[in-house]
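In terms of this note's numbering, the sequence shown is residues 1299 to 1506. All C-beta atoms, glycine included, are put in the ideal place defined by N, C-alpha and C. The structure under discussion appears below in the form of structure tokens.
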Amino acid sequence: MANDIDPQDVEAFLHAHPNFLQDRPGLLAVLNLPHGGEGAVSLVERQVSVLRERNIASRQKLNALSELGQENDRLLEATRKSILALLGAADRDALVRIWMEQLRDTFQAEAGNLVWMDSDSEAASVAQKLTLQGDSFSGVLRPEEMAILFSTEAVEGSAALSPIHVAEDIIGVLAVGSHDSQRYQPEDGTLFLDYLAEVIGQLPASLS
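In structure tokens form, the structure reads like this:
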């Protein structure tokens, strides 16, 4: 008789009646599932193991979210301090100097730049190519791009770049970089850098 039972019917029944085994502890005790190595464990033990694994995974996700929240708080505070400092700039040279100071002291970034697009520099050319159509960039840079954009040794790295807009024009690009090619990734986004670029685009100093 047992051979006539369709396993799919049993599976469908248990899906439709998830509490079927709740009042049948004796049945739970005799049901066995493979457990990695030799031997078998009861269904209850297997469920406990699965719940334990899920709990560990949930804790790991929670820790990751907590770390992300702490990093976002740090970036928000660094952005606030940088904006206040940039508001005191009298001209473009001062904007560049203040930005580089903030990168070093507040953001603790490895490398950075503020490139004006009306210059004939190689850095302006690289920045323009990376921010085509006025879009921000976050990702891997080739060795020659790292060397030109950040005046560093020619090794592969990564960077985030945000265009500085005035009306429909792009007058400059904010850049932050690292020799770690995994530091800035496309999925990371450029939210805080975009905020700073937007503020600079509103400052009279960016036009002088």
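query: Any non-hydrogen atom of the ligand FAD closer than 8 Å to His1313 Cβ; result: Ligands in the displayed structure: none, and consequently the ligand FAD is not present.
query: N- and C-terminal bounds of the alpha helix (DSSP H) containing Phe1447; result: Just to set this straight, residue 1447 is Leu in the shown sequence, not Phe. Per DSSP, Leu1447 belongs to the alpha helix (DSSP H) from Pro1441 to Phe1448.
query: Simplified DSSP assignment, three categories, for Met1299; result: Because the pLDDT at Met1299 is just 47, under 50, the model does not fix this residue reliably, and the point stays unresolved.
query: C-alpha distance - Thr1429 paired with Trp1414, whole-angstrom precision; result: 13 Å
query: Collapsed DSSP secondary structure at Gly1499 in the structure displayed; result: helix
query: Val1461, enclosing beta strand (DSSP E) - first and last residue; result: Val is not the amino acid found at residue 1461; the sequence shown has Pro there. Gly1455 to Val1464 is the span of the beta strand (DSSP E), which, as asked, contains Pro1461.
query: Any 3 or more C-beta pairs closer than 8 Å across the region 1470-1485 and the region 1444-1453; result: yes
query: Member of Glu1454, Gly1487, Pro1305 and Pro1441 whose CA lies at the smallest distance from the CA of Asp1460; result: Note that residue 1460 is Ser in the sequence shown, not Asp. Checking every option, the nearest Cα to that of Ser1460 belongs to Gly1487.
query: Segment limits, beta strand (DSSP E) that includes Ala1409; result: Ala1409 to Trp1414
query: Alpha-carbon spacing of Asp1371 relative to Lys1379, whole angstroms; result: 12 Å
query: Neighbour-count burial assignment, Ser1504, 16 or more Cβ in a 10 Å radius; result: buried
query: Leu1319 - DSSP class collapsed to helix/strand/coil; result: coil
query: Boundaries (first-last residue) of the beta strand (DSSP E) holding Ala1388; result: That residue, Ala1388, is in no beta strand (DSSP E); it is neither H nor E in DSSP.
query: Minimum C-alpha distance to Thr1404 - residue among Ala1425, Ser1423, Ser1417 and Ile1381; result: Ile1381
query: C-alpha distance - Glu1369 paired with Tyr1482, whole-angstrom precision; result: 14 Å
query: Residue from Pro1484, Ile1446, Glu1408 and Thr1377 whose Cα sits closest to the Cα of Ala1425; result: Ile1446
query: Cβ-based burial, Arg1390 [other Cβ within 10 Å; buried from 16]; result: buried
query: Spatial distance of Ala1376 from Arg1350 (CA atoms); result: 39 Å
query: Residue from Glu1365, Ala1473 and Gly1367 whose Cα sits closest to the Cα of Ala1422; result: Ala1473
query: Whole-angstrom distance between Val1394 and Val1471, CA atom to CA atom; result: 11 Å
query: CA-to-CA distance, Ala1495 to Val1438, given in whole angstroms; result: 21 Å
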